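**Student:** The following block contains the structure, expressed as structure tokens.
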């Protein structure tokens, strides 16, 4: 299984040769180290938490790419494409188990509390993926349902990343909960940007296929916002997507057919609404930070991370 | 996801109607309750442990059935056959997360220790499944490799089941480790019988397909023991399996072709060796019990459970 995990993290290529591939943005581990510092502990105290959240994140990527049929991640073929579905399942399971082991082997009460938060976040993440998949087969999904799904799928683990270092550093539950509030809204901003990149992202930057979310019929924020907006573009989009839902031909769509759908989403206001939503969530996240007394340097870095999340191109 | 989980546990049928389907033998939860009693605690103390080990067991069944392509379990179509691969992955993940949550929400130091043992056992179980899959594509697997794989795949979680209730009841590590030794060898006995049932089991009793392990080219104990035995039947079996490994036609084999392979395994002594191995492991398991001071009634039940494991037909 090490070979498969090493390939996923970009340490070796598909032929097993050493490689320095893209291993992801490491937003969650960065947050976990800052989290320890926010509670007045040394950043090293957050390391097991950083490892654990990154392992859970990668467990979810391995399984989600297989469930969603995604063929590209981080500019490379996904694990199930290279090593087969069984390896993607197994190695995902192993990373999940390892995440808990890394925390529990510390053996302290704080580590137990950290593991509990991580487990709850992981269960929500799985709930979110279940909602995401079920929405692909539904004609209508409300903006509220979409935000709830994205809060589970992305918000919960980012929230945990921002509390886990603090908990390991001995922070009380109130501090941890306030940090989680920042992380949760940061997660919603992150996911809103992800949804924009999933339709209009540059494949050279994102490392994913063009129109990747449209290929999977994802009911992401720009889509549900466009459908909820009303007006001619919204209605035409609704007709097209309803027909797509009944058809099995989406896999063979041309670039133009995806471009038509993307243009209608934009015309109906879905792109602009989602950009604004990212900024709204960014603001709420920054405001939550004022509820925790922390070194100014740490606060500045958490703000900078939130800024990065909304302007990123990959 | 509840619908899929309820189907897997036999509470509803494929159409969602209430059902009283076979939910499994519940060997692991039975052991977890006895485990608490072995440490002098009330059986109720073991309940979260019983729930957790049964959830981990069922997580592994959901994923393994998908990876192995198994179509029947407990006299019903497997989850991936009825609800699709994505649901089997997702609900398996959810049961795994829930197993940890059930233990950690207790919030005690003992619960942290119990979760750590469960996590380590789960990682070994995943290792064992990885070994099992890799052996399907290898021409030769030694008896030792097979026993190591089965110790990981089956022994580790049964060992955890026998220690988890005791740990929740406050037992020290030495007591827990000794109970795990009983459970580990019980697991090896259990798996040896499983391997016999996987070839010669009655589908009416097992709820699986005929020749299910041969269909999957499993290098189970009877097969590796027969290949290691030498002599004409062993050599003929080796030639057949080597040819099978290069061919993609195993899926279309007739009942006679499987029967030929089963007869050669028996003729080479693989069936008898595996029966004896089950009895050897049973004996070692019972002997380990003498290392723990426990109520005689509890000891008698652990012995009875070991006896059941080696004579069972399903």
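Chains as they are written, first to last, in the working numbering: chain S, 31 to 344; chain V, 31 to 344.
Glycine included, C-beta positions come from ideal geometry on N, C-alpha and C.
Quick caveat: nothing in here was measured; it's all calculated off a predicted structure.
Please report the straight-line C-alpha distance between residue 183 of chain V and residue 168 of chain S, rounded to a whole angstrom.
**Tutor:** 39 Å
**Student:** For residue 263 of chain S, I'd like the list of residues in its chain whose CB is within less than 7 Å of its CB, leaving aside the five on either flank, ordered along the chain.
**Tutor:** Excluding sequence neighbours, residue 263 of chain S sits near 294, 297 and 298.
**Student:** Closer than 8 Å is the cut-off here; do at least three beta carbon pairs connect the stretch 213-221 of chain V with the stretch 159-166 of chain V?
**Tutor:** no
**Student:** Give the straight-line distance between the Cα atoms of residue 63 of chain S and residue 137 of chain S, rounded to the nearest whole angstrom.
**Tutor:** Across the structure, residue 63 of chain S and residue 137 of chain S are spaced so that their CA atoms are roughly 20 Å apart.
**Student:** I'd like the span of the alpha helix (DSSP H) that includes residue 180 of chain V, first residue to last.
**Tutor:** 173-180
**Student:** Can you find at least 3 beta carbon pairs, one from the stretch 195-211 of chain S and one from the stretch 242-262 of chain S, that sit closer than 8 Å?
**Tutor:** no
**Student:** Along the chain, which unbroken stretches of the beta strand (DSSP E) at least 3 residues long are found entirely within the stretch 278-314 of chain V?
**Tutor:** none
**Student:** In this structure, what does DSSP give as the bridge partners for residue 233 of chain V?
**Tutor:** According to DSSP, which records beta bridges pairwise, residue 233 of chain V is partnered with nothing at all.
**Student:** Comparing C-alpha positions only, which one of S:97, S:58, S:319 and S:95 sits nearest to residue 148 of chain S?
**Tutor:** S:58
**Student:** In chain order, what residues of the same chain lie with their CB nearer than 6 Å to the CB of residue 80 of chain S, ignoring the 5 residues before and after it?
**Tutor:** For residue 80 of chain S, same chain residues with a beta-carbon under 6 Å away, outside a window of 5 residues either side, are 59, 62 and 63 in chain order.
**Student:** Whose Cβ in chain V lies nearer than 8 Å to the Cβ of residue 162 of chain S?
**Tutor:** Neighbours of residue 162 of chain S on chain V: none; closest Cβ ~10 Å, over 8 Å.
**Student:** For residue 159 of chain S, go through chain V and note every residue whose CB falls closer than 7 Å to its CB, in chain order.
**Tutor:** 120
**Student:** Ordered along the chain, which non-local residues of its own chain (more than five positions away) have a Cβ less than 7 Å from that of residue 322 of chain V?
**Tutor:** Only 68, 205, 208 and 209 meet the Cβ criterion.
**Student:** Residue 276 of chain V: buried (16+ other C-beta within 10 angstroms of its C-beta) or exposed?
**Tutor:** Classified as exposed, residue 276 of chain V has fewer than 16 neighbouring CB atoms from the shown chains inside 10 Å of its CB.
**Student:** Using only alpha-carbon positions, find the residue among S:163, S:308 and S:75 that is nearest to residue 249 of chain S.
**Tutor:** S:163
**Student:** Please say whether residue 223 of chain V and residue 342 of chain V have beta carbons closer to each other than 9 Å?
**Tutor:** By the CB criterion at 9 Å, residue 342 of chain V and residue 223 of chain V fall inside the cutoff.
**Student:** Strictly by DSSP, which residues pair up with residue 42 of chain V?
**Tutor:** V:48
**Student:** Just to confirm before moving on: does the CB-CB distance between residue 110 of chain V and residue 96 of chain V stay below 9 Å?
**Tutor:** yes
**Student:** Against chain S, does residue 127 of chain V count as a neighbour if the rule is that its beta carbon must be under 9 Å from one of theirs?
**Tutor:** yes
**Student:** Beta-carbon of residue 141 of chain V versus every beta-carbon of chain S: anything under 9 Å?
**Tutor:** yes
**Student:** In whole angstroms, what separates the C-alpha of residue 39 of chain S from that of residue 54 of chain S?
**Tutor:** 8 Å
**Student:** Looking only at its own chain, which residues have a Cβ that is under 6 Å from the Cβ of residue 221 of chain V, when we skip the five neighbours before and after it?
**Tutor:** 180 and 184
**Student:** Checking the sheet assignment: what are the DSSP bridge partners for residue 102 of chain S?
**Tutor:** S:107
**Student:** Return the residue from the list S:31, S:258, S:233 and S:197 that minimises the CA-CA distance to residue 121 of chain S.
**Tutor:** S:31
**Student:** Return no unless some Cβ of chain S is closer than 9 Å to the Cβ of residue 153 of chain V.
**Tutor:** yes
**Student:** By a C-beta neighbour count over all protein chains shown, 10 Å radius and 16 as the cutoff for buried, is residue 278 of chain S buried or exposed?
**Tutor:** exposed
**Student:** Whole-angstrom Cβ separation of residue 144 of chain V and residue 194 of chain V, contact assumed at under 8 Å?
**Tutor:** 5 Å
**Student:** So, with DSSP's three-state summary, where would you put residue 95 of chain S?
**Tutor:** Residue state, collapsed to three classes: helix.
**Student:** In chain order, what residues of the same chain lie with their CB nearer than 6 Å to the CB of residue 247 of chain S, ignoring the 5 residues before and after it?
**Tutor:** 166
**Student:** Please say whether residue 141 of chain V and residue 83 of chain V have beta carbons closer to each other than 9 Å?
**Tutor:** In this structure, residue 83 of chain V sits away from residue 141 of chain V, with a CB-CB distance that is not shorter than 9 Å.
**Student:** Using a cut-off of 7 Å between C-beta atoms, extract the partners of residue 116 of chain S located in chain V.
**Tutor:** Residues of chain V passing the Cβ test: 97 and 163.
**Student:** Under 9 Å between the Cβ atoms of residue 192 of chain S and residue 332 of chain S?
**Tutor:** yes
**Student:** May I ask you to report which of helix, strand or coil DSSP gives residue 149 of chain V?
**Tutor:** Correct three-state label for residue 149 of chain V: helix.
**Student:** Measure the beta-carbon distance from residue 244 of chain V to residue 292 of chain V and round it to whole angstroms, keeping in mind my assumption that it falls under 8 Å.
**Tutor:** Going by Cβ atoms, the distance from residue 244 of chain V to residue 292 of chain V rounds to 7 Å, so yes, they are a contact pair.
**Student:** What residues in the stretch 171-185 of chain S bring their beta carbon closer than 8 Å to a beta carbon of chain V?
**Tutor:** none
**Student:** For residue 323 of chain V, which of helix, strand or coil comes out of DSSP?
**Tutor:** coil
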